[in-house]
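Asker:
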C-alpha cells in the first residue's frame, strides 16, 4: 500500500475511534478500586480505646517523634535495615524527600557543611526516563538536572562515576527496583558501584526511593541488593537516604512512609524535624501494625495486588505484541506500576496528542525526563493499574493506532 | 518567725515531700486518657469499603491536594472563613507553620519578592510569654526574635505598630485565643489593630495560630473577632496565615490541620506543595467528617472535654489561692490548656529546680520566652490537663512550697 493510502486508511480508523467518545486514563500509577478494597481490614482493625496502647505509648497522644517502634520494626523486617536507622513519618515518602532536599538547601547536609542553597550552581543526576515528581523537587529548588541514561541493569554507572568527580554534583535520584517508568531493577553490580562511589562533594547524597520494594507482578520477581548493607560494610551509610511507603500496599496517600539513613544524617535531620513536628500520626501507624502483624503478611497481601494487576499488564502487553511489534519496543516489567513504551524517534509527542484527542489520557509526553524534555521524543509511560481490563485493551489499541499514524505522518514528511 | 527559721521549716517540709518519691508531670499540654476516649467513635465510624467515596472522590486513592471538600467545609463553618481559602493538610498545624516559614525563607513570600533567607538580618515579633514551639521555628531558621509584652487584651499593640515600621521585621507569632500560656484572648480592638497594620515590609506576615479556637473551659468562654473577615474588609487577606487543628479535639498528633490565607499566598504556596505532596490523608479527613457531621457536633464534643478539664484547672487554682496568694499571681483562663504563674522576680528557675528534685516536672523555665530566657525569671507555665486531679493537688502544693522556699532563700540573701 502506498504511504498516503496507508495514512488515509489509518486516519479513517482513527476518526471512527474518536467518534466512539471514549474516556480512558492511563496517565498515573494509581491503584484501582479492587486493590484498595483489599485493605478494608485496615478500617476496622483498630476499633476500641482498649487497643490504643502500643509499645508503652498511647498512640492517640503526642510523642514518639521517630515513629511507633512496632512500625519501625515492620519496616526493618521488610527493608533489611536495622530499626534504629529508620524514621517513620506521615503518609508521604515524597514529602520526606522534599523535606530532606529543603533541609539540605537551607541548613546544609551535615553540621558545618555549606547549605546546598549557598553554593552557587549545583547539579543533580537524573537517570532518565525517570520519575517526574523527583525531577519536580530538584527543579522547585533551582538545582540543575543532568540526565544519565538508564540501561537494562540500572543507570549508566560509567556516566555516574564520571559525573561525581565534579564537586558541584550533589546527588542522584533513584528508583532502584521496578524503576518508574522503565521497570528496571538495578543489578547487584550497579548497587555495588553505587556503594563504591567516592564523590568529590562531601555533601553528595543518593536519594534511593525504593517505592516498589515488594511490588512484584509475578512469583519470580526481581531481587534488589541491599544498598544500606553495602554502605554499612564500607562505613558510608550517610551517603544515602532510603525511602519507601505503603502507598501502593494499603491506601494511596493514606498509608505510612519511612526514611532510613546514617547516624549523622539522621541526627542532623532530627534537629529540624523536632521544630517541624510534634509527632506523626501514630494511630494510623498502629492500624498498619495490627492489620499486618509481620512482614510475611505484607508479602502475602502484595500477592493479592499482583493477582489484580497482572491481567492488566498482560492485556496491554498483548495488544502491543500484536499491533506495535513492527515499529516499537517496550518493557516487560516483573513488578511496579508502569510499562515503558519506546516509539520511533520523533513520534511520541504526536502519538500522545492523537491519543488525547481520541479520549485516551497518557502521562504527559516528556514527563519522564528532566524539564519535561525527551530529547528523542520517543518515550511514553503507560500506567495500566487503574482502568478495567476491557478499557485497557481499547486504550492500548487506540494508542497503537495513534503510534502508527504518527510514524506514517513522519515517513510522509 | 525569723527568716532563717522560716526557711528551715519550709525545707523540712520539702524533704518530707521529696522522700515521698512522687513523679508528677505538668510540663506539656497533652490531653488525658479520658479526653482521648471521647473520640472512640472516630476509630469505628469508617468501617466499610462502601463508605470510602466522598465528594465524588475515593478517599483511599491519590488526589484532592487541597483536602476533602467536606472537611474544608467543616473547618469553614468553625472558623467563619470561606472554604475556598482553606487548605486541609496532614495532622499537624505546626508542620504547616514550619513549612510556610521554610517556603518564605527559600522562595520568598510571593513571586518576585526576595526570599526571607536572602535579606540579611531579619526579625520576628514574639509576644511573650508565648508558645515555645513557635519560637523554635524562628530560631531554627536563624530569624532574630524580638519580644513584645503580652497584655490582658493581647500583645502590646503600640509596640507592634512601632516595630513594623522597620522593614526588617517580617512577621509575628500569635495564639489569639486562650494564648499559650497566658490564657489571654485578643480583644476586638487588638484584632482590629492587627488588621489595620501597615508594615514597612511588603513581605510581613501574621502567623495566627488559632489552636484553642473552640477550647472553652466554661459556658461563658471568650469571643475572638475574626481576623480574616477584618482583613477581607480591607482587601489584605494575604497579610495573615491562619492555622488550626483538631489535635486537642480528637487525637493529639493524629487529627486534621488546616491553613487559611489570601489568594496570592495560597497560589504561591500550592506551587511548592504540589512538589512536596501528592495529597494528604483523606481517609482520616473522612473519618472526621463522618464522626462530627457538622460544626455543632464539634462544639458539643468540646463541652465534654471542658467537663473533664475544668475540675483539673480548679484543683490547681484552689491550691494557688490558698498557698500562693501572698507571693504570686496567676491567670484564670476561660479556656485553653495552661495556667500562667507569675512568681516574684528571680525565683522561677529556683522554683522549677526544686520542683524537679521533688519529682514534679514543669515546662522548662524560660521556655515561654525567645531563646529560653525569661528576663525577669518569674514565669512558670502550668499544664494541668494530663494528670488526675489528686496528683494535680499534690503537685500544686509542692509547687507552692517550692515557690515559698525560693522566695525565702532570696530574701535571706
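Protein chains in written order, with our numbering: chain A, 1140 to 1552; chain B, 1140 to 1552.
Note that beta-carbon positions come from the ideal geometry of N, C-alpha and C, so glycine has one too.
Note that the structure is predicted; figures quoted are calculated from it, not measured.
1. Three-state secondary structure (DSSP) at residue 1390 of chain A?
2. Excluding five sequence neighbours on each side, which residues of the same chain lie with their C-beta closer than 7 angstroms to the C-beta of residue 1393 of chain A?
3. Between residue 1493 of chain B and residue 1274 of chain A, what straight-line distance do the alpha-carbon atoms span, to the nearest angstrom?
4. Ignore the nearest five residues each way along the sequence and tell me which others in residue 1294 of chain B's own chain have a CB closer than 6 angstroms to its CB.
5. Less than 7 angstroms between C-beta atoms, sequence neighbours within five positions excluded: which residues of the same chain meet that for residue 1233 of chain A?
6. At least one CB of chain B closer than 9 angstroms to the CB of residue 1310 of chain A: is that the case?
7. So which residues on chain B does residue 1253 of chain A lean against when the C-beta distance must stay under 7 angstroms?
8. Assuming the contact rule is C-beta atoms closer than 8 angstroms, residue 1319 of chain B and residue 1475 of chain B should be a hit. Round their C-beta distance to whole Å, please.
9. In three-state DSSP terms, what is residue 1325 of chain A?
10. Within 9 angstroms (strictly less), CB to CB, does residue 1186 of chain B reach chain A?
11. For residue 1196 of chain B and residue 1203 of chain B, I'd like the C-alpha separation in whole angstroms.
12. Would you report the Cα separation of residue 1336 of chain B and residue 1298 of chain B, rounded to the nearest angstrom?
13. Tell me the DSSP secondary structure of residue 1366 of chain B in three-state form.
14. Check whether the segment 1221-1229 of chain A and the segment 1255-1266 of chain A touch, using three or more Cβ-Cβ pairs below 8 angstroms as the test.
15. Would you say residue 1431 of chain A faces chain B, with C-beta separation under 9 angstroms as the test?
16. For the segment 1144-1178 of chain B, list every residue whose C-beta sits within 8 angstroms of some C-beta in chain A, in sequence order.
17. Among the residues of its own chain, which have a CB less than 6 angstroms from the CB of residue 1285 of chain A, if the five just before and after it don't count?
18. Determine contact between the segment 1370-1383 of chain A and the segment 1237-1249 of chain B, defined as no fewer than three beta-carbon pairs at a distance below 8 angstroms.
19. Buried or exposed: where does residue 1444 of chain A fall if 16 or more other Cβ atoms within 10 Å of its Cβ makes it buried?
20. Counting along the chain, where does the alpha helix (DSSP H) carrying residue 1489 of chain B start and finish?
21. Please compile the residues from chain A whose C-beta is within a distance smaller than 7 angstroms of the C-beta of residue 1199 of chain B.
22. Bridge partners of residue 1177 of chain A, per DSSP?
23. For residue 1314 of chain A, which residues in chain B fall below 9 angstroms Cβ to Cβ?
24. If you reduce the DSSP assignment to three classes, tell me which class residue 1226 of chain A lands in.
25. Of all the CB atoms in chain A, is at least one closer than 9 angstroms to the CB of residue 1283 of chain B?
26. Closer than 8 angstroms by beta-carbon distance: list the chain B residues that pair up with residue 1245 of chain A, in chain order.
27. Do you know how far the Cα of residue 1149 of chain B is from the Cα of residue 1544 of chain B?
28. Return the residue from the list A/1168, A/1536, A/1390 and A/1507 that minimises the CA-CA distance to residue 1464 of chain A.
29. In the structure shown, what three-state DSSP assignment does residue 1355 of chain B receive?
30. Residue 1417 of chain A versus chain B: which residues are under 7 angstroms apart at the beta carbon?
31. Helix, strand or coil, according to DSSP, for residue 1277 of chain A in the structure here?
32. Suppose you measure from the CA of residue 1437 of chain B to the CA of residue 1207 of chain B; what does that come to, to the nearest Å?
33. Find the residues of chain A that neighbour residue 1536 of chain B, judging by a C-beta separation of less than 8 angstroms, and give them in chain order.
34. Taking 9 angstroms as the threshold (C-beta atoms), are residue 1342 of chain A and residue 1480 of chain A in contact?
35. Using a Cβ cut-off of 9 angstroms (strictly closer), state whether residue 1494 of chain A contacts chain B.
36. So the candidates are A/1268, A/1250, A/1282 and A/1155; which of them puts its Cα closest to the Cα of residue 1256 of chain A?
Answerer: Reading it off the structure:
1. coil
2. 1230
3. 55 angstroms
4. 1266 and 1287
5. 1272
6. no
7. In chain order: nothing, as chain B lies at least about 14 angstroms away.
8. 7 angstroms
9. coil
10. yes
11. 8 angstroms
12. 12 angstroms
13. helix
14. no
15. no
16. 1167, 1169, 1170, 1172, 1175, 1176 and 1178
17. 1262 and 1264
18. no
19. buried
20. 1487-1496
21. 1175, 1390, 1391 and 1393
22. Answer is none; residue 1177 of chain A lacks a bridge partner.
23. Near residue 1314 of chain A there are no residues of chain B at all, since even the closest Cβ is about 15 angstroms away, more than 9 angstroms.
24. strand
25. no
26. 1241, 1244, 1245, 1256 and 1280
27. 6 angstroms
28. A/1536
29. strand
30. 1231, 1233 and 1392
31. helix
32. 18 angstroms
33. The premise fails here: residue 1536 of chain B is roughly 26 angstroms from chain A at the closest Cβ pair, so nothing lies under 8 angstroms.
34. no
35. no
36. A/1282
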